[in-house]
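Mapping of the sequence shown onto numbering that gives the first Met the number 0: position 9 corresponds to residue 8, and the numbering continues sequentially without gaps. Glycine included, C-beta positions come from ideal geometry on N, C-alpha and C. These figures come from a predicted structure and were not determined experimentally.
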Amino acid sequence: MAEEKKYCIVDRFEKNYAVIEFEKETFNIPKVLLPSEVKEGDIIDITITINDKKTEDRKKRIEDLSKKLFKN
């Protein structure tokens, strides 16, 4: 499946958050997740990927804790 590029607009900043507009909706994103030089009116693109390794590590850790907690 081809990746489709999506664009967001940095509308404004409120305290520690950037208000991002995407497809007629707004979202608050912690400013620490954005480049330090980003400013109001900038157009940004955001890529979200699944981290399979960390997901599997987390599942295994939860499984191990469950086994330890509920062992007979």
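| Item | Value |
| --- | --- |
| Rounded Cβ spacing between Ile-49 and Cys-7 (contact assumed at less than 8 Å) | Actually they do not touch by this definition, with Cβ atoms about 20 Å apart. |
| Val-31 classed as buried or exposed, judged by whether at least 16 other C-beta atoms fall within 10 angstroms | exposed |
| Cβ pair count under 8 Å reaching 3, the segment 8-22 against the segment 34-43 | yes |
| Glu-20, DSSP secondary structure in three states | strand |
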